[in-house]
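From first to last, the protein sequence lines are chains A and B.
The working numbering numbers the first residue of the first sequence as 1 and each following residue consecutively.
The working numbering numbers the first residue of the second sequence as 141 and each following residue consecutively.
Even for Gly, the Cβ is constructed at its ideal location relative to N, Cα and C.
Bear in mind the structure is a predicted one, so any value in this text is a computation, not a measurement.
Read through the structure below, which is laid out as structure tokens, and then see the notes.
Protein chains: 2
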Amino acid sequence: MHNEAIERLTACGIKPSAQRISIMEYLLKHRTHPTVDMIYNDLVPTMPTLSRTTIYNTLKLLEEHNAIIELRIDKKTAHYDGDTLPHSHFQCKSCGKIIDVQMQGLLNEQYETEFVIEETEINYRGYCKSCLEKAKKTNN
Amino acid sequence: MHNEAIERLTACGIKPSAQRISIMEYLLKHRTHPTVDMIYNDLVPTMPTLSRTTIYNTLKLLEEHNAIIELRIDKKTAHYDGDTLPHSHFQCKSCGKIIDVQMQGLLNEQYETEFVIEETEINYRGYCKSCLEKAKKTNN
DNA sequence: TCTAATTTTGTAATGATTTCAAATCAGTAA
DNA sequence: TTACTGATTTGAAATCATTACAAAATTAGA
């Protein structure tokens, strides 16, 4: 797990520091879609100088380099996922748990037994035509 | 538009007050996926006593009664949509604009000319099996 | 009109995230 | 080893969207 973390970091072009390895390793080991605070509370005991800011900074860095995915399914706080392969998520409005949904496209009845869905949200992010054109003019 | 707002409110079981009508009407008229602040700034001139808190309260009420949809595509703030029919959204990471994507399921090349997609996120929200079972036991 | 319930309002509190400058660390050349 | 440079980490303070709350205003019914 430790080596996998280092491999993932270097493969994504990130210099593997002790903190970055710890956080990457945590996300590879725990498929619970943790928040910053969960990661912090679990790592501080073995890394007492660790700062919350470092976790924020590192997660942003990892996300920008596509080493992890930032989930915005929770309306309050960001959650993070070490699984970068395309898949969807379900969050229970009562207990807050986030569950992986290994299916592209819309859900079928197979899942109706596992949970009751009240909201479906499909979000795309990227760059719009006019911003791409503006960037072209400025950069060339 | 005024009457449509009242109709939507009553159809969703919401008593139509002046403020609620204004906000509902605004969301029916402006398909720009506004934030609380956009709604506030646009409505205050004609409704000087309007409070931001009322907008927060009203939007939550409207959403709970399925009169509108709350969008969480923007990582900073909530946006709101008066169009409750199922559709997806795209947000430009540069200008922040949110664009409707009238397509269920994953995007095809048709959209590649309109924008470049970097992230795809499919979120479901509802209730998980164990929470549903807990609720059953408590309520019966 | 009087009263009770509902709705609205403004202020203060909350809490996640960001900013920022100082401290620490890692790597390199002398 | 030592000194230097740049990268990384850290903690405190600031920011900003949202919520809590209690008072004020409005509405509806008797």
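In chain order, what residues of the same chain have a beta carbon less than 8 Å from the beta carbon of residue i, not counting five sequence neighbours either side?
i	result
His2 (chain A)	Ile21, Glu25
Tyr56 (chain A)	Val36
DSSP on residue i, reduced to helix/strand/coil?
i	result
Thr120 (chain A)	strand
Gln19 (chain A)	helix
Asp214 (chain B)	coil
Ile55 (chain A)	helix
Ile14 (chain A)	coil
Cys235 (chain B)	coil
Ile33 (chain A)	Looking at the sequence provided, one finds His at residue 33 (chain A) rather than Ile. His33 (chain A) falls in the coil class under three-state DSSP.
His65 (chain A)	coil
His142 (chain B)	helix
How should residue i be labelled, buried or exposed, when 16 other C-beta atoms within 10 angstroms of its C-beta is the threshold for buried?
i	result
Thr175 (chain B)	buried
Gly82 (chain A)	buried
Gln91 (chain A)	buried
Ala135 (chain A)	exposed
Arg125 (chain A)	buried
Glu121 (chain A)	buried
Cys235 (chain B)	exposed
Arg8 (chain A)	buried
If distances are taken between C-alpha atoms only, which option among the options comes closest to residue i?
i	options	result
Ile213 (chain B)	B:Lys200, B:Ser228, B:Glu203, B:Ala207	B:Ser228
Thr10 (chain A)	A:Ile39, A:Ala67, A:Leu43	A:Ala67
Cys123 (chain A)	B:Tyr180, B:Met243, B:Pro185	Reading off the sequence shown, one finds Asn at residue 123 (chain A), where the question assumed Cys. For the residues B:Tyr180, B:Met243, B:Pro185, the minimum Cα distance to Asn123 (chain A) belongs to B:Met243.
Thr253 (chain B)	A:Leu132, A:Ser51, A:Thr113, A:Glu119	A:Leu132
Taking 7 Å as the limit between beta carbons, can you name the residues of its chain near residue i, skipping five residues before and five after?
i	result
Gly13 (chain A)	His65
Ala58 (chain A)	Here the sequence assigns Thr to residue 58 (chain A), which means Ala is not the residue at that position. If we look at Thr58 (chain A) and ignore the five residues flanking it on each side, its Cβ neighbours are Gln19, Arg20, Ile23.
Ile146 (chain B)	Pro156, Ile161
Quick one: what's got a C-beta closer than 6 Å to residue i's C-beta in the same chain, skipping five residues either side?
i	result
Lys169 (chain B)	Met141
Ile69 (chain A)	Asp81, Thr84
Thr54 (chain A)	Gln19
Which partner residues does residue i have in the DSSP bridge list?
i	result
Cys268 (chain B)	A:Phe115
Val44 (chain A)	Per DSSP, none; premise fails for Val44 (chain A).
Asp223 (chain B)	Per DSSP, none; premise fails for Asp223 (chain B).
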